[in-house]
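Using the working numbering, read the sequence shown as starting at 72 and increasing by one per residue. By construction, the Cβ of each residue, glycine as well, lies at the ideal position given by its N, Cα and C atoms. These numbers were taken from a predicted model, which means no experiment stands behind them. For reference, the structure discussed in these notes is given below.
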Amino acid sequence: MFDYKSCLQGIPSSPGVYRMLDETGKVLYVGKAVDLKKRVTSYFRKTGLSRKTEVLVQQVRGVEVTLTHTEGEALILENNLIKELRPRYNILLRDDKTYPYILLTTEDDYPRLTLHRGARKSKGRYFGPYPNAYAVRSSLSLLQKVFRVRQCEDSFFANRSRPCLQYQIKRCTAPCVNKLSVEEYTYDVLDTVRFLEGQSAELIDDLVQRMEQAANKMEFEQAAHYRDQISNLRKIQEKQYISREAGDMDIVVCSKEGGQVCVQVNYVRGGLNLGNQSFYPALPVQIETEAELLSAFLGQYYLSHTIPAEIMLNAMPEDQGLLEQILGQKAGYKVRLRQPKRGERLRWLQMAERNARHGLDIRLASRAGTHKRLEILRQALQLEEIPTRIECFDISHTQGEATVASCVVFNENGALKSDYRRFNIDGITPGDDYAAMAQVIKRRYTRLAEGDGRMPDLLLIDGGMGQLNIARDTLNSLQISGIQLFGVVKGEGRKPELDTLVAMDGERVSLSSDSPALHLVQQIRDEAHRFAITAHRQRRAKTRKKSALEDIPGIGAKRRQQLLRQFGGLREVSRAGVDDLCKIKGINRALAQQIYDHFHG
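Okay, structure coming up:
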């Protein structure tokens, strides 16, 4: 039993971070406090604890603390530790990717637009963030149609001798071959910036004036170009609500019910709604209200994402001042947290709340449906308890080439994509699926046995008894037990309704074609197959891309890298003419002709 009284005696009444440990020393929970002694003591009082906090305290076997100078310093340390350690009882953001931006380069005479993800180190203007890459690509396609600013790689741009297809379909003005001056191109760039800053109404007024001036000068082709731009921009305005009042802000709202939470982040830039992102974090201990949850979310989310000057909330955290101070220090300008009560900002907030509620309703309905399917599966497989974590493996290759294994994970909420893993399989006889399965099972569960993740309750293998035996023997060699193991066998003629499950003793479990349990197993198996084949194709393409230039006599590693770097990729090299290739240092006309013939012969 944990002697918490002795532990509490050594904790000072100072700001800092505390870590609660289980019997193995693993961190269960990380928290911050102005008064560490007072906060940690509150966990061990006799009454008034929530059920979740009681469960946590029952597992605690030690408490570690780190003192800080201020509560603000403690907030930063707390969120860094949560991100690093991912404790079970903290709020965890499963989607920790960096969000994409539109980047407009500024160091070129002819700037380009491109999708950018990651650290903002490149020189240029950044617009965003956008909720996903699809939103960026859709916007880039739209910008290309209206303003025709180039989007090609610099290496491709520098080696053009004639306009590319984008010029032919009126999506580029071909600055690469001087079809227009730098001054003319700059107008298109400035119009693009104004649009991305949300000044579309002012831009349309300006374009109308330009159109009228061109018509008065009898420049009818130019006037028609402005007319088309105006028409396209007005169509965009009809589809996209733009607020002159909103400016740049994020709207962060949360909705919770039945132990489930949806936090919705809406991105507004220049009054333009760029879209939203939904998060479904687990409710951490010591958090009961929406204000408390938003406090935990804001600290963790914005310490690794772009911070706008205004953040609208549907519940105001008690530590508002502290959050504003820390976020402002990180952003380099004043950041305000607001809970609007009237006007247009309130309408933005209400829209976000409706989206969050809708997302939560769908989540709850999906969870209920998944729970029902898991219960039916438990009964069919005669399991003692409902499996709360299911893993499934599949192998993919092309006649033994570029073998890849996939591992997908499902729980009561459905696919847990943040836990998906893929494994490049090497060192086996090409095409030996048994050896591939043995390798992936060993690699996967060696890591889990060392504490790098959670063991599944149910393990599905896409295959019959041969694959099952390999998986069982590999798990036994790792001294891992307690995992229920089943194979998913395709039906005769690959008919889905004839799919069956096979247990380790060889007994077949047939489910009716309309069984929700069968549909769940097929969904998991198909997802493992999709993930494996996608990874295999990527690996195969990478291998073949590398070998395509290696097959050309006279092209060594140095020249191969130079070609790929100058042209921006193998596809661009394959499209290059002999004259374009001759421009590369070290490639004479004979070698250029040889490269051209390799791709076009």
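{"Check": "Alpha carbon of Ala506 to alpha carbon of Ile499, nearest angstrom", "Outcome": "6 Å"}
{"Check": "Runs of alpha helix (DSSP H) wholly within the segment 101-172 (minimum 4 residues, chain order)", "Outcome": "107-113, 122-130, 142-156"}
{"Check": "Beta-carbon proximity check, Val511 vs Ala486, cutoff 8 Å", "Outcome": "no"}
{"Check": "Check whether Ile692 and Ile461 have beta carbons under 8 Å apart", "Outcome": "Since the displayed the chain opens at 72 and closes at 672, residue 692 lies outside it and no answer follows."}
{"Check": "Expected contact under 8 Å - CB spacing of Leu448 and Leu591 to nearest Å", "Outcome": "6 Å"}
{"Check": "Proximal residues to Lys513 (C-beta, below 8 Å), its chain only, five neighbours per side dropped", "Outcome": "Thr545, Ser548, Leu549"}
{"Check": "Three CB pairs or more closer than 8 Å across the segment 138-145 and the segment 179-193", "Outcome": "no"}
{"Check": "Same chain, Cβ closer than 6 Å to Tyr667, neighbours up to 5 away in sequence not counted", "Outcome": "Val649"}
{"Check": "Any beta strand (DSSP E) of 3 or more consecutive residues that is wholly inside the segment 532-576", "Outcome": "555-560, 571-574"}
{"Check": "Where the beta strand (DSSP E) through Ser467 begins and ends", "Outcome": "460-469"}
{"Check": "Distance CB(Glu472)-CB(Pro501) smaller than 8 Å", "Outcome": "yes"}
{"Check": "Neighbourhood of Val101 by C-beta distance below 7 Å, restricted to the same chain and skipping five residues each side", "Outcome": "Val88, Arg90, Glu149, Leu152, Ile153, Leu156, Pro158, Asn161"}
{"Check": "Among Asp225, Ala206, Arg579, the one whose alpha carbon lies nearest that of Arg188", "Outcome": "Ala206"}
{"Check": "Residue closest to Val573, alpha-carbon to alpha-carbon, out of Leu530, Asn287, Thr605", "Outcome": "Leu530"}
{"Check": "Ala362 (DSSP reduced to helix, strand or coil)", "Outcome": "helix"}
{"Check": "Rounded distance between the beta-carbons of Val406 and Ile378, thought under 8 Å", "Outcome": "6 Å"}
{"Check": "Cα-Cα separation, Arg543 to Val560", "Outcome": "17 Å"}
{"Check": "Among Gly430, Cys463, Arg611, the one whose alpha carbon lies nearest that of Gln555", "Outcome": "Cys463"}
{"Check": "Enclosing alpha helix (DSSP H) for Asp676 [first to last residue]", "Outcome": "Absent from the model: residue 676. The displayed extent of the chain is 72 to 672, so no value can be given."}
{"Check": "Buried or exposed by the 16-neighbour rule on C-beta atoms within 10 Å, applied to Pro527", "Outcome": "buried"}
{"Check": "Top-ranked residue by Cα proximity to Ile433, from Thr469, Val332, Gln396, Met383", "Outcome": "Val332"}
{"Check": "Distance, Met422 Cα to Ile313 Cα", "Outcome": "Reliability of the predicted coordinates at Ile313 is poor, the pLDDT of 48 falling under 50, and the value obtained from them is presented with this limitation in mind. Distance between the alpha carbons of Ile313 and Met422 is about 14 Å."}
{"Check": "Buried versus exposed call for Glu415 [16 or more other C-beta atoms within 10 Å across all chains shown]", "Outcome": "exposed"}
{"Check": "Identified DSSP bridge partners for Tyr89", "Outcome": "Gly102, Val136"}
{"Check": "Inter-residue CB distance, Asp490 and Val480 (contact presumed, cutoff 8 Å)", "Outcome": "4 Å"}
{"Check": "Buried versus exposed call for Glu676 [16 or more other C-beta atoms within 10 Å across all chains shown]", "Outcome": "Coverage of the chain is limited to positions 72 through 672, which leaves residue 676 absent and any answer about it impossible."}
{"Check": "Where the alpha helix (DSSP H) containing Leu374 begins and where it ends", "Outcome": "Unbroken run through Leu374: none, as it is neither H nor E."}
{"Check": "For His187: DSSP bridge partner residues", "Outcome": "Tyr172"}
{"Check": "At least three beta-carbon pairs within less than 8 Å, the segment 269-285 to the segment 340-349", "Outcome": "yes"}
{"Check": "Assumed close pair Asn385, Glu359 - CB separation to whole angstroms, cut-off 8 Å", "Outcome": "Between Glu359 and Asn385 the Cβ distance is about 16 Å, and since that is not below 8 Å, they are no contact."}
{"Check": "Three-state secondary structure assigned by DSSP to Asn385", "Outcome": "coil"}
{"Check": "Ala417 versus Asp523, Arg493, Asp299, Asp321, residue with shortest Cα-Cα distance", "Outcome": "Strictly speaking, residue 417 in this sequence is Leu, with Ala absent from that position. It is Asp321."}
{"Check": "Per-residue DSSP class, three states only, for Thr177", "Outcome": "coil"}
{"Check": "Simplified DSSP state of Glu328, which is helix, strand or coil", "Outcome": "strand"}
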